[in-house]
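Trainee:
There are 2 protein chains.
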Amino acid sequence: MKKLINAPERAVEEALAGMARAHGDLLRVHFDPTFVVRADAPQPGKVGIVSGGGSGHEPMHAGFVGAGMLDAACPGAFFTSPTPDQMVAAAKAVDGGAGVLFIVKNYTGDVMNFEIAAEFCAAEGIQVESVIVNDDVAVQNSLYTAGRRGVGTTVLAEKICGAAAEEGQSLAQVAELCRAVNGNGRSMGMALTSCIVPAVGRPTFAIGEAEMEIGVGIHGEPGRERMMLQSADEITDILAATIFDDLPFQRGSQVIAMVNGMGGTPLVELYIVFRRLAELCDARGVIIARNLIGNYITSLEMAGCSITLLDVGDELLRLWDAPVRTAALHW
Amino acid sequence: MKKLINAPERAVEEALAGMARAHGDLLRVHFDPTFVVRADAPQPGKVGIVSGGGSGHEPMHAGFVGAGMLDAACPGAFFTSPTPDQMVAAAKAVDGGAGVLFIVKNYTGDVMNFEIAAEFCAAEGIQVESVIVNDDVAVQNSLYTAGRRGVGTTVLAEKICGAAAEEGQSLAQVAELCRAVNGNGRSMGMALTSCIVPAVGRPTFAIGEAEMEIGVGIHGEPGRERMMLQSADEITDILAATIFDDLPFQRGSQVIAMVNGMGGTPLVELYIVFRRLAELCDARGVIIARNLIGNYITSLEMAGCSITLLDVGDELLRLWDAPVRTAALHW
Chain A
0 MKKLINAPER AVEEALAGMA RAHGDLLRVH FDPTFVVRAD APQPGKVGIV SGGGSGHEPM
60 HAGFVGAGML DAACPGAFFT SPTPDQMVAA AKAVDGGAGV LFIVKNYTGD VMNFEIAAEF
120 CAAEGIQVES VIVNDDVAVQ NSLYTAGRRG VGTTVLAEKI CGAAAEEGQS LAQVAELCRA
180 VNGNGRSMGM ALTSCIVPAV GRPTFAIGEA EMEIGVGIHG EPGRERMMLQ SADEITDILA
240 ATIFDDLPFQ RGSQVIAMVN GMGGTPLVEL YIVFRRLAEL CDARGVIIAR NLIGNYITSL
300 EMAGCSITLL DVGDELLRLW DAPVRTAALH W
Chain B
0 MKKLINAPER AVEEALAGMA RAHGDLLRVH FDPTFVVRAD APQPGKVGIV SGGGSGHEPM
60 HAGFVGAGML DAACPGAFFT SPTPDQMVAA AKAVDGGAGV LFIVKNYTGD VMNFEIAAEF
120 CAAEGIQVES VIVNDDVAVQ NSLYTAGRRG VGTTVLAEKI CGAAAEEGQS LAQVAELCRA
180 VNGNGRSMGM ALTSCIVPAV GRPTFAIGEA EMEIGVGIHG EPGRERMMLQ SADEITDILA
240 ATIFDDLPFQ RGSQVIAMVN GMGGTPLVEL YIVFRRLAEL CDARGVIIAR NLIGNYITSL
300 EMAGCSITLL DVGDELLRLW DAPVRTAALH W
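Chains as they are written, first to last, in numbering that gives the first Met the number 0: chain A, 0 to 330; chain B, 0 to 330.
Structure, rendered in structure tokens:
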């Protein structure tokens with residue numbers, strides 16, 4: 000295992016210490032329990048938005064903490080859910096009196112722990128709503144999930160809900176918006192290589208030199224099909240067709256299109272995929288109103304990509320375009 | 000070789016087509032000769048800034064085209080210099096009457112081709128100044144270079160000179176500024192793995208499962224020393240010590256610190272390196288005034304990182320902080 004780390008068991012904590020040092024203008028890192036919080040939290044009267052999940056998907060979620068996006072992120076160990084005490088501490092730190100939204104990716108551990116945390120918060124008088132993101136069209140059930148997995152749409156939901164909270168929308172409104180984003184977003188990914196979880200020290204899955212995994216999960220969970228490596232255009236066709244088949248993206252629909260790298264994929268390759276995706280959208284009369292191309296929800300150093308399409312109206316686009324100031328998204 | 004491409008010989012062109020499609024608000028891509036240019040070029044009365052080099056280092060340079068940074072970028076084939084006709088066409092497209100600055104990384108092919116292009120431009124009445132960036136402290140001569148290689152400081156020079164040009168500084172001033180940035184910037188990199196150039200199809204260099212290459216070049220050129228893999232802190236110590244020894248970063252100096260990923264390194268690892276770098280700066284009384292952590296000058300999917308430190312006064316910081324609107328840097 001070749002990694003730029005000091006010790007597997009200290010890697011998450013040391014990376015967070017690096018983030019704290021690098022982005023002191025945006026965020027603070029609390030340890031024990033561990034969470035990353037906006038430097039200016041709590042914002043009185045603003046809905047606090049909290050997400051979290053296993054580490055290894057950076058920049059998600061800590062890289063999205065800041066004005067216009069998340070108020071706090073709870074990082075677990077690599078590919079391991081954070082614990083309820085982290086979530087409760089984060090909720091307390093960001094509650095400005097307007098309640099807290101938990102954005103939860105659909106993995107059994109995350110869902111359970113965020114549920115427990117919501118109960119604790121309620122007992123302490125903090126109003127919490129939880130929305131589960133389950134946008135991955137690849138498989139119905141998976142290694143760590145009942146139902147569909149939560150993947151790329153999470154990034155878009157965090158940005159859009161962050162903007163809504165920033166402009167003073169209520170907890171009920173922001174939660175409803177998050178459900179709408181989840182309902183209109185679909186994703187699918189693929190992998191060329193496995194990643195290696197630091198504490199494990201060997202690849203999560205074995206894959207041949209000429210194979211790829213279509214529909215892979217962000218923890219290297221098995222997808223739809225192990226097949227021989229195909230061209231970038233053929234791969235894009237498979238991912239996009241599955242997404243298009245799942246939601247009636249109408250002719251004339253506007254979408255936000257994300258081509259996301261899994262961590263070890265060069266940017267040139269992501270642009271090659273985006274180029275083909277744009278051709279496919281053109282052919283269907285689907286309008287790419289905005290795009291996001293790069294590493295946003297990764298799987299350590301896995302090579303591969305995922306595509307997310309989010310059907311948006313003008314209101315969601317307006318919220319997408321609103322200012323954001325985080326380590327990983329900034330405009 | 001596992002890559003998300005269609006054909007090695009079309010990969011650069013297809014990626015540029017993807018960029019054109021994704022970033023039509025920022026840039027245009029011209030083919031034959033190939034260059035990427037600001038959507039609003041030429042800017043009358045503004046110095047045009049042109050850079051370029053082999054592809055495979057994305058987002059550099061095309062990802063830095065836009066307001067406040069580069070006016071044009073000339074991408075060559077992977078790890079291969081662009082040709083003078085590309086540079087001349089780019090210079091013509093961006094010349095707003097105030098002349099053009101070529102920012103050239105010190106590789107033999109790039110230097111020669113930018114020199115020829117400058118002569119062509121002069122013959123056509125376009126005033127050109129060229130500045131060579133040679134900030135890599137690892138080795139004195141290298142596989143493709145007489146003298147030091149040009150690496151990470153190039154990114155910082157492009158941002159700072161772009162800001163100066165944007166505010167109306169003259170060609171002589173912007174060129175002088177670029178020389179000052181190069182004089183005050185130092186970098187060094189390391190690799191855990193090789194990359195694979197698409198047209199070659201096999202790793203650029205062989206490296207053992209427990210080895211690393213210290214001082215590697217951005218094309219996988221040999222560095223200072225092949226050694227056994229060490230911890231992130233030990234690696235950071237080696238890179239930083241070599242940089243500190245090369246330039247008298249004084250107690251009380253302000254620096255812009257970049258921890259750059261080579262393409263295949265997860266963000267957590269870069270933050271672990273940054274954390275240690277910050278400790279080393281603290282110990283020397285060197286003040287990290289700004290930082291940049293992520294993939295900015297890469298080597299395809301190589302795993303590894305580089306550190307750049309640029310000694311800056313308040314004027315360079317002001318230019319660093321000025322607005323920038325490109326695909327890869329945006330504030």
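Glycine included, C-beta positions come from ideal geometry on N, C-alpha and C.
With DSSP collapsed to three states, give me the class of B:C304.
Mentor: strand
Trainee: Would you mind telling me which residues of chain A sit closer than 7 Å to B:C304, beta carbon to beta carbon, in chain order?
Mentor: L3
Trainee: Below 8 Å on the Cβ atoms is my contact criterion, and I expect B:T307 with B:S186 to pass it. Report the Cβ-Cβ distance as a whole number of Å.
Mentor: 4 Å
Trainee: Select from the segment 252-286 of chain B all residues with a C-beta closer than 7 Å to any C-beta belonging to chain A, and list them in chain order.
Mentor: G262, G263, T264, P265, L266, V267, E268, Y270, I271, V272, F273, R274, A277
Trainee: Could you list the residues in the segment 14-35 of chain B with a C-beta less than 8 Å from some C-beta on chain A, going in chain order?
Mentor: A14, L15, A16, G17, M18, R20, A21
Trainee: Let's test the definition: count the other Cβ atoms within 10 Å of the Cβ of B:R147 and tell me whether it reaches 16, buried, or not, exposed.
Mentor: buried
Trainee: Looking at C-beta atoms only, is the number of pairs between the segment 265-276 of chain B and the segment 291-308 of chain B that lie closer than 8 Å three or more?
Mentor: yes
Trainee: Out of A:I255, A:E208, A:R201, A:D244, which one is the CA nearest neighbour of A:L299?
Mentor: A:R201
Trainee: Using a Cβ-Cβ cutoff of 9 Å, what residues of the segment 217-243 of chain A are near chain B? List them in chain order.
Mentor: L228, S230, A231, D232, E233, I234, T235
Trainee: Give the single residue among A:C160, A:T297, A:G151, A:M211 whose Cα lies nearest to the Cα of A:G65.
Mentor: A:C160
Trainee: I need the straight-line Cα distance from B:D232 to A:K2, nearest angstrom please.
Mentor: Put simply, the backbone Cα of B:D232 is about 12 Å away from that of A:K2.
Trainee: Return the chain-ordered list of same chain residues with a C-beta closer than 6 Å to the C-beta of A:E165, the five sequence neighbours on each side being excluded.
Mentor: Around A:E165, the same chain offers G67 as residues with beta carbons nearer than 6 Å, after the five sequence neighbours per side are excluded.
Trainee: Hey, does B:W319 have any beta-carbon neighbour from chain A nearer than 8 Å?
Mentor: no
Trainee: Just how far apart, CA to CA, sit B:A302 and A:V35?
Mentor: 27 Å
Trainee: Just checking my contact of A:M189 with A:E210 at CB under 8 Å: how many whole Å lie between their CB atoms?
Mentor: 11 Å between Cβ atoms; not a contact.
Trainee: Over what stretch of residues does the alpha helix (DSSP H) that includes A:R274 continue unbroken?
Mentor: 266-283
Trainee: Just the chain B side, please: which residues come within less than 9 Å of A:L191 by C-beta, in chain order?
Mentor: Within chain B, the residues near A:L191 are K1, K2, L3.
Trainee: If the criterion is Cβ atoms closer than 8 Å, does the pair B:V254 and B:I286 meet it?
Mentor: Yes.
Trainee: I'd like the list of long-range same chain contacts for B:D135, defined as Cβ closer than 6 Å, with 5 residues on each side in sequence excluded.
Mentor: R147, R148, V150, S186
Trainee: Over the uninterrupted beta strand (DSSP E) stretch that includes A:G331, give me the two end residues.
Mentor: Residue 331 of chain A is absent from the structure shown; chain A starts at 0 and stops at 330.
Trainee: Which residue from B:A198, B:I237, B:C194, B:S129 puts its Cα closest to that of B:I213?
Mentor: B:I237
Trainee: Taking its Cβ as the centre, do 16 or more other Cβ atoms sit within 10 Å of A:F63, making it buried, or is it exposed?
Mentor: buried
Trainee: Hey, does B:A116 have any beta-carbon neighbour from chain A nearer than 8 Å?
Mentor: No, because no Cβ of chain A sits closer than 8 Å to the Cβ of B:A116.
Trainee: So A:G98 and A:V127 are supposed to be a Cβ contact under 8 Å. How far apart are they, rounded?
Mentor: 7 Å
Trainee: Anything in chain B within Cβ reach of A:S54, meaning under 8 Å, just list it in chain order.
Mentor: V267
Trainee: Does A:P197 pass the burial test, meaning 16 or more other C-beta atoms within 10 Å, or should it be called exposed?
Mentor: buried
Trainee: Which residues, in chain order, does the segment 55-71 of chain A contribute to contact with chain B at a C-beta distance below 8 Å?
Mentor: G55, E57, P58, G62
Trainee: Can you find a CB in chain A that lies within less than 8 Å of the CB of B:A10?
Mentor: yes
Trainee: For A:H22, which residues of its own chain have a beta-carbon under 7 Å away from its beta-carbon, when the five flanking residues on both sides are left out?
Mentor: A326
Trainee: If you draw a straight line from the alpha carbon of A:A239 to that of A:A116, how long is it in whole angstroms?
Mentor: Straight-line Cα distance between these residues: approximately 36 Å.
Trainee: Hey, quick one: how far does the beta strand (DSSP E) through A:M68 stretch, first residue to last?
Mentor: Run containing A:M68: none; DSSP gives neither H nor E here.
Trainee: Near B:P58, which residues of its chain fall below 6 Å by C-beta distance, leaving aside the five closest residues on each side in sequence?
Mentor: A327
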